[in-house]
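Asker:
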Amino acid sequence: MNEVNDSSRVALSDSLRVGTLGLRTRKTRTLLTALGIAIGIAAMISVLGITSSSDAQLQAELDALGPNLLEITPGDSFTRSEVVFPPHVSDLVQRIGTVESSTAVSQVEAAVRRTEFIPEQQTGGMSVLAVEPEVFPMVDAVLSSGVFLDSSSVMVPRAVLGAKAAERLGINSSLDSPQVYIDGTYFTVVGILEPAPLAPNVDRAAMIGNEIATELYDSELDPSLVYARVSDDLLDDQRRLDETRSVIAATVLPDAPTEVSVSRPSELLAARSSTQDAFTGLLLGLGAVALLVGGVGIANVMVISVIERRTEIGLRRALGALRGHIRFQFVCESALLAALGGLGGVLLGAMITFGYAQSQGWVISIPASSLGAGFLLAVAIGSIAGLYPAARAARLDPAEAVRPRV
Amino acid sequence: MTEEENPVVMELAEVCKSYPGNPPVEALRGINLVVRRGELLALVGTSGSGKSTMLNIMGALDRPTSGKLCVDGQDLNNFSDRELATLRGSRIGFIFQQFHLVAGLSVLENVSTGLLYQGVNRPLRVQEATQLLNRVGLGDRMTHLPHELSGGQQQRVAIARALMGDPAIVLADEPTGNLDSETSEEIMDLIHQLNEGGSTIVVVTHDGELAQSLPGVVTLLDGVVKSDSRTQ
Numbered sequence: 001m002n003e004v005n006d007s008s009r010v011a012l013s014d015s016l017r018v019g020t021l022g023l024r025t026r027k028t029r030t031l032l033t034a035l036g037i038a039i040g041i042a043a044m045i046s047v048l049g050i051t052s053s054s055d056a057q058l059q060a061e062l063d064a065l066g067p068n069l070l071e072i073t074p075g076d077s078f079t080r081s082e083v084v085f086p087p088h089v090s091d092l093v094q095r096i097g098t099v100e101s102s103t104a105v106s107q108v109e110a111a112v113r114r115t116e117f118i119p120e121q122q123t124g125g126m127s128v129l130a131v132e133p134e135v136f137p138m139v140d141a142v143l144s145s146g147v148f149l150d151s152s153s154v155m156v157p158r159a160v161l162g163a164k165a166a167e168r169l170g171i172n173s174s175l176d177s178p179q180v181y182i183d184g185t186y187f188t189v190v191g192i193l194e195p196a197p198l199a200p201n202v203d204r205a206a207m208i209g210n211e212i213a214t215e216l217y218d219s220e221l222d223p224s225l226v227y228a229r230v231s232d233d234l235l236d237d238q239r240r241l242d243e244t245r246s247v248i249a250a251t252v253l254p255d256a257p258t259e260v261s262v263s264r265p266s267e268l269l270a271a272r273s274s275t276q277d278a279f280t281g282l283l284l285g286l287g288a289v290a291l292l293v294g295g296v297g298i299a300n301v302m303v304i305s306v307i308e309r310r311t312e313i314g315l316r317r318a319l320g321a322l323r324g325h326i327r328f329q330f331v332c333e334s335a336l337l338a339a340l341g342g343l344g345g346v347l348l349g350a351m352i353t354f355g356y357a358q359s360q361g362w363v364i365s366i367p368a369s370s371l372g373a374g375f376l377l378a379v380a381i382g383s384i385a386g387l388y389p390a391a392r393a394a395r396l397d398p399a400e401a402v403r404p405r406v
Numbered sequence: 001m002t003e004e005e006n007p008v009v010m011e012l013a014e015v016c017k018s019y020p021g022n023p024p025v026e027a028l029r030g031i032n033l034v035v036r037r038g039e040l041l042a043l044v045g046t047s048g049s050g051k052s053t054m055l056n057i058m059g060a061l062d063r064p065t066s067g068k069l070c071v072d073g074q075d076l077n078n079f080s081d082r083e084l085a086t087l088r089g090s091r092i093g094f095i096f097q098q099f100h101l102v103a104g105l106s107v108l109e110n111v112s113t114g115l116l117y118q119g120v121n122r123p124l125r126v127q128e129a130t131q132l133l134n135r136v137g138l139g140d141r142m143t144h145l146p147h148e149l150s151g152g153q154q155q156r157v158a159i160a161r162a163l164m165g166d167p168a169i170v171l172a173d174e175p176t177g178n179l180d181s182e183t184s185e186e187i188m189d190l191i192h193q194l195n196e197g198g199s200t201i202v203v204v205t206h207d208g209e210l211a212q213s214l215p216g217v218v219t220l221l222d223g224v225v226k227s228d229s230r231t232q
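These protein sequence lines are chains A and B, in that order.
Quick note: the first sequence, position 23, residue 23 per the working numbering, numbers continuous.
Quick note: the second sequence, position 3, residue 3 per the working numbering, numbers continuous.
1) Show which residues of chain A have a CB atom less than 8 Å away from the CB atom of B/TYR117.
2) If you draw a straight line from the C-alpha of A/ILE326 to the C-alpha of A/SER52, how long is it?
3) At 8 Å on the CB atoms, spell out the chain B contacts of A/LEU21, in chain order.
4) So if I threshold CB-CB distances at 7 Å, which residues from the stretch 20-54 of chain A count as touching chain B?
5) Under 9 Å between C-beta atoms, does B/ARG82 make it to chain A?
6) Please go through the same chain and pick out, in chain order, the residues whose beta-carbon is closer than 8 Å to the beta-carbon of B/THR130, but skip the five residues on each side of it.
7) Beta carbons nearer than 7 Å to chain B: which residues of the stretch 391-402 of chain A have them?
8) From A/SER77 to A/PRO367, what does the alpha carbon distance come to, in whole angstroms?
9) Using a C-beta to C-beta distance shorter than 7 Å, which residues of chain D count as neighbours of A/GLU312?
10) Could you name the residues of chain A that B/ARG29 contacts, counting a contact when the two beta carbons are closer than 9 Å?
11) Could you spell out where the beta strand (DSSP E) holding A/TYR186 opens and where it closes?
12) Pick from A/GLU100, A/GLN329, A/ALA288 and A/LEU193: whose alpha carbon is nearest that of A/GLY40?
13) Taking buried to mean at least 16 other C-beta atoms within 10 Å of its own C-beta, is A/ALA60 buried or exposed?
14) Quick one: list the residues of chain A neighbouring B/SER184, beta-carbon separation under 9 Å, in chain order.
15) Report the residue from A/TRP362, A/LEU347 and A/ILE298 whose alpha carbon sits nearest the alpha carbon of A/ALA385.
16) Report all residues from its chain with a CB closer than 6 Å to the CB of A/ALA213; omit the five preceding and five following residues, and keep chain order.
17) For B/ALA42 and A/ALA378, I'd like the C-alpha separation in whole angstroms.
18) Which whole runs of the alpha helix (DSSP H) in the stretch 189-216 of chain B are 4 residues long or more, in chain order?
19) Do A/VAL202 and A/LEU193 come within 9 Å of each other at the CB atom, strictly closer than that value?
20) Any chance you could list the beta strand (DSSP E) runs of at least 3 consecutive residues sitting entirely within the stretch 214-301 of chain A, in chain order?
21) Measuring alpha carbon to alpha carbon, tell me which of B/ALA60, B/PRO20 and B/GLU196 ends up nearest A/LEU315.
22) Based on the DSSP output, what are the partners of B/CYS70 in its beta bridges?
23) Where do the ends of the alpha helix (DSSP H) carrying A/PHE375 lie?
24) Counting only beta-carbon separations shorter than 9 Å, does B/MET1 have a partner in chain A?
25) Kindly indicate if chain B contains any beta-carbon less than 9 Å away from that of A/SER305.
26) In terms of residues, what are the limits of the alpha helix (DSSP H) holding A/LEU347?
27) Cutting at 8 Å between CB atoms, please list the residues of its own chain near A/ASN2, excluding the five before and the five after it.
28) Please go through the same chain and pick out, in chain order, the residues whose beta-carbon is closer than 7 Å to the beta-carbon of A/SER127, but skip the five residues on each side of it.
29) Please report whether the beta-carbon of A/SER334 lies at a distance below 9 Å from any beta-carbon of chain B.
30) Return yes when the C-beta of B/PRO123 is under 8 Å from any heavy atom of the ligand NAP, and no when it is not.
31) Name, please, each residue of chain A whose Cβ falls closer than 7 Å to the Cβ of B/GLY114.
32) Distance, Cα to Cα, A/PRO223 vs A/ILE72?
33) Between the alpha carbons of A/GLN279 and A/ILE50, how many angstroms are there, rounded?
34) If you draw a straight line from the alpha carbon of A/GLU259 to that of A/ASP242, how long is it in whole angstroms?
35) By how many angstroms is the C-alpha of A/MET207 removed from the C-alpha of A/ASN172?
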């Protein structure tokens, strides 16, 4: 007569409709449970996004400065006072084959003040540097106002202020030709620089020409710092870069090359960023814990849902649902619940990143892969969390489940 | 008896069911019963007579410990759990005392769930559900949610759901147990109507009076058939 066919298939659209039933009928519970997952995902996305934005910002800074800048200073603090570079050190460095250009700056034993009436002790951590005009392109300095020193202004009392120095002196524009007092002479400020995060020496300095410095303060300037640009093709080859560093050290102080420190500011920045990585890992771990808690929350809510919906499950079994149908219904519901949370978390995380990067003035960078991965992770957690409740639902004895209850 | 002419839709032969325990509980002790197409039969008994167990076995929700159950001539002892589920969905309709409508699903959705697991596509399910709802007099309540209906209306929805896919047999477990007497009468009238329309219906009840109003009455007592009005 009537053959019983075992191909009891339910269309995916129907399955999904059934899978959303519990979510639609218990909206508050759905939202609260999804929130748990959303918080976890948002935490992870924003940690990744903020790290990525911070890296993007760092990269932008490195690109601005150029990764081929070397900073050559007299050794460590232990012997610093005894180490003195020869006067024409930058010419020596310039002669090395792999060095493209170099310029020296010298610390001037003088204090910069707004006026002569301010006590000399109040230097505010500022220094006076005697420089060549080449120093500005060398450190990729950017003007916030005015002009750089040039070959003529280095001979007269003209100064360019670093960003911090200008701020401490209370000068924010060179338009009305403000003056600063440097040990007996007033200098006209012709230019103010933007902050240069990779050249803190420049940030805190009032820069004057070598010539005027020699004339006014110190007939024999001792270079305290040499900037050098090496050829770009060295950057991919750590061994040749190290070689060049040794050659520079040996050239600058042939008697004591170990007293010379040849550092790469971009490396220092990169190192600073890598210490952040450890911190990022910790925060990601916290996000993962939040996500785990969210997953447990989903499992918990799904178990309750299965208990509450015993008769519905029994009814569906009576209407011909296979165990697999019931299992799929609840895994589906659980996964959709988590997907909802995942979606919310991705949006929230992106917003947090956006807001934070914006407030820091960073380049905004949210890795698209982290958004996709965050969402998929949520769905995966939801599916796993749903497995046990779904198995319980599928195991229910249909005869027991439809029995009338008083 | 005119029913003798009609084919057998369900047959129980020496069906026993015992539940584990010490001593084991013997709920059914050798039941023999034949249901023919087009019958309207009452299965009556006091609580503890085994009628719930009987209903579970007839509905293929549970398996007998021994004995044989045939639906449409097929011996269900050879069926896997999957096959039993599919048979329930396609050949057996259920009406419950507590209606068991799914909250959150509209009346139309509830009825069309009756064929959800048979792989019938949605437009066809909705079409059949619409016809059946019109037949039980709820054509104007399709989009309502179960809690917006009266008890009698809810039971009508459940009846329409049981009829989806034209099952060989409809099992009604105390269909009027949750209804007042007036509504009960309406529901029993509907059941009579459907039977006249060709449906085979077994009403399980403890209500002797209700049972006597049906053409056939099978009385259970302590797990055996005590009397069968059709063979007397």
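Just so you know, even glycine gets a beta-carbon here, dropped at the ideal spot from N, CA and C.
Answerer: Result, derived from the coordinates:
1) SER8, VAL10, ARG316, LEU319, GLY320, ALA321, LEU322 and HIS325
2) 43 Å
3) VAL102, GLY104 and LEU105
4) Here the close residues are LEU21, ARG24 and THR25.
5) With 9 Å as the cut-off, B/ARG82 counts as an interface residue toward chain A.
6) LEU108, GLY139 and MET142
7) PRO398, ALA399 and VAL402
8) Residue placement at A/SER77 is flagged as unreliable, the pLDDT there being 48, under the threshold of 50; a coordinate-derived value is accordingly withheld.
9) The chain inventory of the structure shown lacks chain D, comprising the protein chains A and B.
10) Under the 9 Å cutoff, chain A gives no residues; its nearest Cβ is about 19 Å from B/ARG29.
11) Element bounds for A/TYR186: 185-193.
12) A/ALA288
13) exposed
14) Chain A residues near B/SER184: none, gap ~16 Å exceeds 9 Å.
15) Here the closest residue by C-alpha is A/ILE298.
16) For A/ALA213, same chain residues with a beta-carbon under 6 Å away, outside a window of 5 residues either side, are VAL108 and ALA130 in chain order.
17) 53 Å
18) 208-212
19) yes
20) List check, beta strand (DSSP E) in window: 223-230 and 260-263.
21) B/ALA60
22) B/GLU11 and B/ASP75
23) 368-395
24) With a pLDDT of only 47 at B/MET1, under the threshold of 50, the placement of this residue in the model should not be trusted, and no figure is reported.
25) no
26) 323-360
27) Note that A/ASN2 scores a pLDDT of 38, beneath 50, so its modelled location is shaky and nothing firm can be said.
28) GLN107, ARG204 and ALA205
29) no
30) The model on display carries no ligand, and the ligand NAP is accordingly not part of it.
31) Taking a Cβ-Cβ cut-off of 7 Å, the neighbours of B/GLY114 in chain A comprise LEU319, given in sequence order.
32) Note on geometry: alpha-carbon atoms of A/PRO223 and A/ILE72 lie some 10 Å from one another.
33) Per the sequence shown, the amino acid found at residue 279 of chain A is Phe instead of Gln. Near 12 Å, if we compare the C-alpha coordinates of A/ILE50 and A/PHE279.
34) 16 Å
35) 16 Å
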